[in-house]
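In the order they appear, the protein sequences are chains C and D.
Residue numbering for the first sequence is 1 to 217, as defined by this note's numbering.
Residue numbering for the second sequence is 218 to 434, as defined by this note's numbering.
All C-beta atoms in this analysis are idealised placements derived from N, C-alpha and C, irrespective of residue type, glycine included.
Here the structure is a predicted model, which is why all the values come from computation and not from measurement.
Worksheet for the structure shown next.
There are 2 protein chains.
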Amino acid sequence: MGMEIRVAIFEDNKLVRDALEAILNGTPGYTCCGISADGIHWEDDIKRSKPDVVLMDIEMPGLNGIEVTQHINDMFPEVKILIQTVFNDSEKIFQALCAGASGYILKNDPPHKYLEAINEVYNGGAPISSSVAKKMLGFFTNKNVVLTVPGGTDYQLSDREKEILRLMVDGNNYKTIADKAFISYETVRTHVKHIYKKLHVASRSEAVLKAIQQDLS
Amino acid sequence: MGMEIRVAIFEDNKLVRDALEAILNGTPGYTCCGISADGIHWEDDIKRSKPDVVLMDIEMPGLNGIEVTQHINDMFPEVKILIQTVFNDSEKIFQALCAGASGYILKNDPPHKYLEAINEVYNGGAPISSSVAKKMLGFFTNKNVVLTVPGGTDYQLSDREKEILRLMVDGNNYKTIADKAFISYETVRTHVKHIYKKLHVASRSEAVLKAIQQDLS
DNA sequence: TCAAAAAATCACCCAATGGGGTATTGTATC
DNA sequence: GATACAATACCCCATTGGGTGATTTTTTGA
């Protein structure tokens, strides 16, 4: 009967691929319904195999696992994706999480962990290896999360100052800003000083960052 | 000898409080070193009990657990904080994570899970209950927040460069950095240039921002 | 093991930036 | 009319950023 969890494998290493297939097909309750060595034909692969869960390797030739995850998530949102990688790379992990992965395990996890994780994502859970959880926590505590502020802060920039700020955002130097705004170099500097005071910043890059993030200028 | 994990409890419910104390003191390897029914005297409480791990309830009269977590984290960053709550409220979880919690368990978890989690945070891990992990994942996938994703966590900074970057983060100018690092002003500048190239930034403030956000240096 | 690469050190030049002050003019606003 | 502020402009000076080039030591790789 069809009570088995259908799992599709995306994995470029043949040894790992075969091992995973053997484990899945050798365990009651799991079926390996598709095997892909790369992400190039991901759409056909998914349509053909109709998986419940995709076991996705990040490092693959052609499209990488993160891109394929994003695409599968966009096109087949009901399919759960379990990322597996040897890498413990923060950047990759966050990209994968943002791409819509449902869980994250490390390749050196033992087979029974794989099966547990597959079962967990299938049942709506979010299996995450301890080291990944730690990275996620660090992400929150390191204040990398910025709440989208619609328009709470008003820095009272004058029209002219907004204009100058816009020119700064565009990367013009003081001389160029002076030319474009038909004022002297020194006046540009005066405006910039005022802008910095109003924005509570102390450098061009900070001002530009704030301007872009909060749609000033 | 003193190999036991010192745990301080912040919990307003007396029954739960007493139960936790009994469990901790009744288990080898754990000591309950402090019990607080609210967060009002958190600073005195922490100074007196000197805990390794704080078991923090979110719902407390006076200061809530999230505020206390923030304060403890600011003042005693070496103390690990394990949040425990009955609530499954995304907003609260998110706030707690940002406040600097090291782990997150649910109140209806069995005692052995509590002990495991305490042990895990004590050893630098990040115990997170499955449902919290799921919510964290949701934060990444449902664009509720703007995430400034690390743009390449390994910038290959040398030890010396990290040292210089740390001094920059601390706000020292080149002259001071030179003095503190026992090198010449010009060498500091050379290091800074290399750091900028590696981080793909062009100013002190950008470099410092990146360093803080991504825990470089 | 030897050569190449990378890291660490220092120096000089020059342009751009940031912070402080001062000053004049016009325009509101009270 | 006084006061405030925006916009304009100039001065001085310290700091920063970018380029080039060089020597020494350490590390790495072939």
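Which value, in whole angstroms, describes the spacing of the CA atoms of Val-363 of chain D and Gly-243 of chain D? Summary for Val-363 of chain D: the model assigns pLDDT 42, below 50, so the residue's position carries little reliability; its value from the coordinates is reported in the next sentence. So the alpha carbons of these two residues sit roughly 45 Å apart.
If contacts are defined as beta-carbon pairs under 8 Å, then Pro-268 of chain D and Ala-318 of chain D qualify, I think. What distance do you get, rounded to the angstrom? Pro-268 of chain D to Ala-318 of chain D, Cβ: 14 Å. No contact.
Going along chain D in order, which residues have a C-beta closer than 7 Å to the C-beta of Lys-134 of chain C? Gly-342, Ala-343
Using a beta-carbon distance below 9 Å, is Val-296 of chain D in contact with chain C? no
When the cut-off is 9 Å and only beta carbons count, does Glu-59 of chain C lie next to chain D? no
What's the gap between the Cα of Glu-276 of chain D and the Cα of Asp-229 of chain D? 8 Å
Output the distance between the C-alpha atoms of Lys-175 of chain C and Arg-166 of chain C, rounded to the nearest integer angstrom. 15 Å
Kindly confirm or deny that the segment 273-293 of chain D and the segment 314-334 of chain D touch, where touching means at least three C-beta pairs closer than 8 Å. yes
Verify whether the separation of the beta carbon atoms of Tyr-114 of chain C and Ile-83 of chain C is less than 9 Å. no
Please work out which residues of its chain come closer than 7 Å, Cβ to Cβ, to Val-418 of chain D, disregarding the five sequence neighbours upstream and downstream, and give them in chain order. Ala-424, Lys-427
Any beta carbon of chain D sitting closer than 9 Å to that of Leu-165 of chain C? no
If I follow the unbroken beta strand (DSSP E) through Ile-226 of chain D, where does it start and stop? 222-227
Min CB distance Leu-209 of chain C to chain D below 9 Å: yes
Let me check understanding here. Comparing Cα to Cα, which of D:Lys-264, D:Ser-420, D:His-329 lies closest to Ala-239 of chain D? D:His-329
With Ile-177 of chain C as the anchor, note down where its alpha helix (DSSP H) starts and where it stops. 174-181
Mind checking Ile-252 of chain D: buried by the 16 CB within 10 Å criterion, or exposed? buried
Quick one: which residues of the segment 176-193 of chain C get their C-beta closer than 8 Å to a C-beta of chain D? List them in chain order. none
Grab the span of the alpha helix (DSSP H) containing Met-273 of chain D for me, first residue to last. Looking at the DSSP string, Met-273 of chain D is not in any alpha helix (DSSP H); the run it does join, the beta strand (DSSP E), is 270-274.
Along the chain, which unbroken stretches of the beta strand (DSSP E) at least 3 residues long are found entirely within the segment 280-306 of chain D? 297-302
Taking Trp-259 of chain D and Leu-280 of chain D to be in contact with their CB atoms under 8 Å, please state how far apart those CB atoms are, rounded to whole angstroms. 7 Å
Please name the residues in the segment 193-206 of chain C whose beta-carbon is closer than 9 Å to at least one beta-carbon of chain D, in chain order. Val-201, Ala-202, Ser-203, Arg-204, Ser-205, Glu-206
Does Leu-97 of chain C come within less than 9 Å of chain D when only Cβ atoms are used? yes
Could you tell me the alpha carbon to alpha carbon distance between Phe-173 of chain C and Asp-179 of chain C, rounded to whole angstroms? It should be noted that the sequence gives Asn, not Phe, for residue 173 of chain C. Going by the C-alpha atoms only, they are around 10 Å apart.
Please identify, using Cβ separations under 9 Å, the residues of the segment 319-336 of chain D that lie next to chain C, in order along the chain. Ser-319, Gly-320, Tyr-321
Taking the straight line between their C-alpha atoms, what separation do you get for Asp-74 of chain C and Val-53 of chain C? 15 Å
Quick one: using the 10 Å Cβ neighbour count with 16 as the cut-off for buried, is Arg-234 of chain D buried or exposed? buried
Could you pull out every residue in the same chain whose Cβ sits closer than 7 Å to the Cβ of Tyr-196 of chain C, ignoring the five residues on either side in sequence? Ala-202, Ala-207
Just checking: is the beta-carbon of Asp-12 of chain C within a distance shorter than 9 Å of some beta-carbon in chain D? no
Assuming Ile-229 of chain C and Ile-118 of chain C are in contact, meaning their beta carbons sit under 8 Å apart, how far apart are those beta carbons, in whole angstroms? With chain C covering only 1 through 217, there is no way to say anything about residue 229 of chain C.
Contacts of Ser-49 of chain C in chain D (Cβ-Cβ under 7 Å): By Cβ distance, chain D contributes nothing, its closest Cβ being about 23 Å from Ser-49 of chain C, past 7 Å.
Provide the residue(s) that pair with Gly-251 of chain D in DSSP beta bridges, ordered along the chain. D:Ala-225
Determine, using beta carbons only, whether Ile-381 of chain D and Val-405 of chain D come nearer to each other than 9 Å. yes
Closest to Phe-10 of chain C by CA distance: which of C:Gly-29, C:Asp-45, C:Pro-28 is it? C:Asp-45
How would you call Met-168 of chain C, buried or exposed, if buried means at least 16 neighbouring beta carbons within 10 angstroms? buried
Leaving aside the five residues before and after Thr-148 of chain C along the sequence, list all residues of the same chain whose C-beta is less than 7 Å from its C-beta, in chain order. Any reading at Thr-148 of chain C needs caution, since the residue's pLDDT is 38, under 50, leaving its predicted position unreliable; the model's value is listed next. Contacts found: none.
Taking all protein chains shown into account, do 16 or more other C-beta atoms lie within 10 angstroms of the C-beta of Asp-274 of chain D, making it buried, or fewer, making it exposed? buried
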